[in-house]
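Heads up, the sequence shown is in the working numbering, so the first residue is 1 and it goes up one at a time.
Think of the CB as a built atom: it goes at the ideal place given N, C-alpha and C, for glycine as much as any other residue.
Source: prediction; values computed, not measured.
Following: one structure in structure tokens, then a few remarks.
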Amino acid sequence: MYIFLPEQNNFVSLAIKILMAISIIMAAFGIKNSNFLKSLICFCLMSFSFSGLNFAMWLIFKPNGMEVRNGVVYFNISPLVLIISTVFAYTIIEIMNKFLGKHVCEKSFCNVSVKVNDKFAKFDAFLDTGNSLKEPFSNLPVILVKKEDINSIIPSDININDENLIFNLFNEFNIKFRLIPFCGVSNTGVILGFKPDSIEIKTSSGKILQKDAYVGICFDKTFEHSLVGPELLDNN
């Protein structure tokens, strides 16, 4: 809506745009985002690139229906052109993802090794930037693990409602379980979690990280990959 305001001087316009950028980053990634400054810089660089591309197009082609006011670009185009352009852009992106997706996917996986007493479980986990789940008492991050990935530690017949089996595991192996509340896109609830003796994460670049975290057991059969959050892949 900034385009409808009267023409502003450069200093006022710059201040308003900085506030706009900060507001967008806060809305997208949250106020407590630890990488706020990095996200803001990346957003500004992408905006500068997009602005430069539009300015070059405006200088070279002088397209009809393209207006610039208060540094905001407005395209006066018909709905039909907008729909066709959107479909074309989506098709190009899908083609690029088809050829580059495997490369991106491989970099998004890491290998996780979990130890409890003398038992080990090793599995591949996917980096999920949306996984910010934490155990509420310790505030430690939670690795969401497919039940099948830790069958070597936890019996395959365990479930979140089996209080006797959970109690026996606590007595026999001293595994301390927690009920960890979660809030997802489609549902909310609790998952059964425990804190291993040690967690080792090997990243796609070959770095080996020792981390302190909880393991949350996912009993959902449709759960495709175990998931780690970005916090666990930091070098700190």
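With contact defined as three or more Cβ pairs closer than 8 Å, the region 64-80 and the region 110-122 are not in contact. Secondary structure of residue 57 (DSSP, three-state): helix. Between the alpha carbons of residue 142 and residue 64 lies a distance of about 53 Å.
In the three-state scheme derived from DSSP, where H, G and I count as helix and E and B as strand, residue 62 is classed as coil. For residue 214, the CB contacts under 6 Å within the same chain, skipping 5 residues up- and downstream, are 135, 140, 142, 193, 195 in chain order. Looking from the CA of residue 41, the closest CA among 95, 24, 93, 133 belongs to 24. Look at residue 48 here: in three-state DSSP terms it is helix.
DSSP, reduced to helix, strand and coil, places residue 188 within a strand of the structure shown.
Counting the other CB atoms within 10 Å of its CB gives residue 198 a total below 16, which places it among the exposed residues.
Looking at 144, 211, 210, the one whose alpha-carbon comes closest to that of residue 181 is 144. Contact between residue 114 and residue 150 holds, with the beta-carbon distance rounding to 7 Å and staying under 8 Å.
Between the alpha carbons of residue 90 and residue 217 lies a gap of roughly 36 Å. For residue 220, the closest of 208, 146, 20 by C-alpha to C-alpha distance is 146. Taking residue 35 as the centre and dropping the five residues before and after it, the same chain places no C-beta closer than 6 Å to its C-beta. Within the DSSP bridge table, the entry for residue 8 names no partner. At the C-beta level, residue 70 and residue 13 come within 8 Å of one another. Taking C-beta atoms as the reference points, residue 153 and residue 125 fail to come closer than 8 Å. One Cα belongs to residue 231, the other to residue 37, and the distance between them is close to 16 Å. If you draw a 10 Å sphere on the C-beta of residue 211, you find 16 or more other C-beta atoms in it, and that means buried. For residue 177, the secondary structure class from DSSP, reduced to helix, strand or coil, is strand. For residue 21 against residue 44, the beta-carbon gap comes to about 6 Å, under 8 Å, which counts as contact. In this structure, residue 127 sits away from residue 19, with a CB-CB distance that is not shorter than 8 Å. Scanning 207, 205, 206, 123 for the CA closest to the CA of residue 226 turns up 123. A direct Cα-Cα distance of roughly 4 Å separates residue 208 from residue 202.
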